[in-house]
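**Student:** Using the numbering used here, you'd call the opening residue of the sequence shown number 892 and step up by one each time. All C-beta atoms in this analysis are idealised placements derived from N, C-alpha and C, irrespective of residue type, glycine included. Keep in mind that this is a model prediction, so the values were computed, not measured. Before anything else, here's the structure in question.
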Amino acid sequence: MEITFLGTGAATALPLPFCNCPLCCKARTSGGKDIRKRSSMAVNDDLLVDLGPDTASAAYLYGFPLEQVQYCLQTHSHSDHFDPAHLITRLPEYASAGVVPMKVCGSSLTLKHMSEGVFREDEGTDMLSPEGMQKLSIQIHQAFPYSTFSAGRYRITTLPCGHDPGDGSMVYCIQDGNSTLLYATDTTSFSQEIWDFLISYEFHFTAVVMDHTYGSGINGEGHLNQDQFIEQLRIMRKNGIAGEQTLVFATHISHEGNSTHSDMEREHAAHGYAPAYDGLSIRI
Ligand SMILES: [Zn+2]
Ligand SMILES: [Zn+2]
Ligand SMILES: [Zn+2]
892 MEITFLGTGA ATALPLPFCN CPLCCKARTS GGKDIRKRSS MAVNDDLLVD
942 LGPDTASAAY LYGFPLEQVQ YCLQTHSHSD HFDPAHLITR LPEYASAGVV
992 PMKVCGSSLT LKHMSEGVFR EDEGTDMLSP EGMQKLSIQI HQAFPYSTFS
1042 AGRYRITTLP CGHDPGDGSM VYCIQDGNST LLYATDTTSF SQEIWDFLIS
1092 YEFHFTAVVM DHTYGSGING EGHLNQDQFI EQLRIMRKNG IAGEQTLVFA
1142 THISHEGNST HSDMEREHAA HGYAPAYDGL SIRI
């Protein structure tokens, strides 16, 4: 499985457009890995996690064929993860040609909020109605918590996370028969119920990509900070959910308490993980 980080920033991206803090100023001058677009991830050339506001430009930058995507897994509908303006370009009104059918997966609440966003963007298009699905060339898969379903060659398992229960936010385990990826942003610390589920079904991840919105000691709602990230990792390693060979990446990185990519690389290495960066592509 090849994974490509299309974006590794939090909702505010990095740098923040109007912020003059030392990290944002440094990011503007150094560019490169310190510029973070809103989070989304590509798996091989046919699966996308989160159709976010930066996904199209990231796809063009990193050579990901967005126009070939057959499966879109939505973690939730927040504006840094779902941009209805991208989805409606599939409509015939925009003279979109040869649109490849795409299955859109999410919780019932996420799908409901996505459809409200699409309706606001293009009045009259109900993405959950048969007509709307046909016009957008999509199929809908309403995923339940702790469910497993197939998406082509992938086996997907959903975990309900505490990020925004009102949006039914979920994180995903993605398996292709060789590798198992955990893509876990946005999330709070996993509940005992999630740990019990992962342990009882003997999940062992080849790669873990996890929320690292805040740095050490900073507590924001609905996300992990560095200390919580490290604790999640400790629990995974203790229970064999992650092992020596498991690749672990931090994503959804905000400027609150985090530092430059190179400083984070040094700091995270001491705990056995690495900060991801936009455009990082890796075979797992
Ligand atoms: Zn987010
Ligand atoms: Zn800043
Ligand atoms: Zn969110």
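1. Please classify Val940 as buried or exposed, where buried requires at least 16 other C-beta atoms within 10 Å of its C-beta.
2. My guess is that Gly1106 and Asn1069 are in contact by the Cβ rule of under 8 Å, so how many angstroms apart are they, rounded?
3. For a test of the three-state rule: what should DSSP assign to Ala976, helix, strand or coil?
4. Just the Cα atoms here: how many angstroms apart are Val1139 and Glu1007?
5. Taking 6 Å as the cut-off, is the C-beta of Asp971 nearer than that to any heavy atom in ligand 1?
6. Just to confirm, does Ala890 get its C-beta within under 6 Å of one of the non-hydrogen atoms of ligand 1?
7. Using the beta-carbon count (16 or more within 10 Å), is Pro1174 buried or exposed?
8. Could you give the DSSP three-state label for Leu938: helix, strand or coil?
9. Leaving out five residues before and five after Met1061 in sequence, what residues of the same chain have Cβ atoms less than 8 Å from its Cβ?
10. Any idea what DSSP makes of Leu957, helix, strand or coil?
11. Give me the Cα-Cα distance between Asn1116 and Met1024, rounded to the nearest whole angstrom.
12. Please name the residue, chosen from His977, Thr1151, Pro1166 and Met1155, that lies closest to Gly922 on a Cα-to-Cα basis.
13. Do Glu1012 and Pro983 have their beta-carbon atoms positioned less than 7 Å apart in this structure?
14. If you drop the 5 nearest sequence neighbours on each side, which residues of the same chain put their C-beta closer than 6 Å to that of Leu964?
15. Could you check if Asp945 belongs to the surroundings of ligand 3, using beta carbon to heavy atom distance under 6 Å?
16. Expressed to the nearest angstrom, what Euclidean distance is found between the alpha-carbon atoms of Ala933 and Ile894?
17. Is the distance from the Cβ of Phe896 to the Cβ of Leu942 below 7 Å?
18. What three-state label does DSSP hand Ser1020 in the structure shown?
19. Nearest CA to the CA of Asp1087: which residue from Asp1058, Met1127 and Thr920?
20. Could you check where the beta strand (DSSP E) with Gly877 kicks off and where it finishes?
21. From Ala904 to His1146, what does the alpha carbon distance come to, in whole angstroms?
22. Just reading off the alpha helix (DSSP H) that Arg919 is part of, what are its end residues?
23. Can you check the segment 1060 to 1122 for any beta strand (DSSP E) of at least 3 residues that lies completely inside it and give the ranges in chain order?
**Tutor:** This is what the structure gives:
1. Stepping through the sequence shown from its first residue, residue 940 is reached at position 49. Looking at its Cβ environment, which holds 16 or more other Cβ atoms inside 10 Å, Val940 is buried.
2. Position 215 of the sequence shown, counted from the start, is the residue given in the question as residue 1106. Position 178 of the sequence shown, counted from the start, is the residue given in the question as residue 1069. Not confirmed; about 34 Å, so no contact.
3. Indexing the sequence shown from 1 puts residue 976 at position 85. In this structure, DSSP gives Ala976 a helical state, which the three-state scheme calls helix.
4. Counting from 1 along the sequence shown, the entry for residue 1139 is found at position 248. Counting from 1 along the sequence shown, the entry for residue 1007 is found at position 116. Each residue's Cα considered, the two are about 35 Å apart.
5. Counting from 1 along the sequence shown, the entry for residue 971 is found at position 80. For ligand 1, at least one heavy atom lies less than 6 Å from the Cβ of Asp971.
6. Given a span of 892 to 1175 for the chain in the structure shown, any question on residue 890 remains unanswerable.
7. By 1-based counting over the sequence shown, the position of residue 1174 is 283. Going by the sequence as given, residue 1174 is Arg instead of Pro. By the 10 Å Cβ count, Arg1174 comes out exposed.
8. Indexing the sequence shown from 1 puts residue 938 at position 47. Correct three-state label for Leu938: strand.
9. For the purposes of this step, residue 1061 is identified with residue 170 of the sequence shown, where counting begins at 1. Short of 8 Å from the beta carbon of Met1061, and not among the five residues preceding or following it, lie these beta carbons of its own chain, in chain order: Thr966, His967, Gly997, Ser998, Thr1001, Ala1034, Pro1036, Thr1049, Leu1050, Pro1051 and Cys1052.
10. Within the sequence shown, numbered from 1, the residue matching residue 957 stands at position 66. The DSSP-derived three-state label of Leu957 is helix.
11. Within the sequence shown, the letter at position 225 stands for residue 1116. Within the sequence shown, the letter at position 133 stands for residue 1024. Between Asn1116 and Met1024, the C-alpha separation is close to 38 Å.
12. Sequence index remark: in the sequence shown, residue 922 carries index 31 (1-based). Of the candidates His977, Thr1151, Pro1166 and Met1155, the residue whose Cα lies closest to the Cα of Gly922 is Thr1151.
13. Here residue 983 refers to the residue found at position 92 of the sequence shown. Here residue 1012 refers to the residue found at position 121 of the sequence shown. Not closer than 7 Å, so no.
14. On the sequence shown, position 73 is the one that residue 964 refers to. For Leu964, where only same-chain residues beyond five positions count, the Cβ hits under 6 Å are Val940, Cys996 and Tyr1063.
15. For the purposes of this step, residue 945 is taken as the residue at position 54 of the sequence shown. No - ligand 3 has no heavy atom lying nearer than 6 Å to the Cβ of Asp945.
16. Taking the sequence shown and counting its residues from 1, one reaches residue 933 at position 42. Taking the sequence shown and counting its residues from 1, one reaches residue 894 at position 3. Those two C-alpha atoms are separated by around 6 Å.
17. For the purposes of this step, residue 896 is identified with residue 5 of the sequence shown, where counting begins at 1. For the purposes of this step, residue 942 is identified with residue 51 of the sequence shown, where counting begins at 1. Contact: no.
18. Position 129 of the sequence shown holds residue 1020. DSSP places Ser1020 in coil when its eight states are reduced to three.
19. Position 196 of the sequence shown, counted from the start, is the residue given in the question as residue 1087. Comparing Cα-Cα distances from Asp1087 to each of Asp1058, Met1127 and Thr920, the minimum goes to Met1127.
20. In the structure as shown, the chain starts at 892 and stops at 1175, and residue 877 therefore has no counterpart that could be examined.
21. Sequence index remark: in the sequence shown, residue 904 carries index 13 (1-based). Sequence index remark: in the sequence shown, residue 1146 carries index 255 (1-based). Computed Cα separation, rounded: 8 Å.
22. Taking the sequence shown and counting its residues from 1, one reaches residue 919 at position 28. For Arg919, the uninterrupted alpha helix (DSSP H) run begins and ends at Pro913 to Ser921, by DSSP.
23. If only complete runs of 3 or more residues are kept, the segment 1060 to 1122 shows the beta strand (DSSP E) at 1061 to 1066, 1071 to 1075 and 1098 to 1102, in order along the chain.
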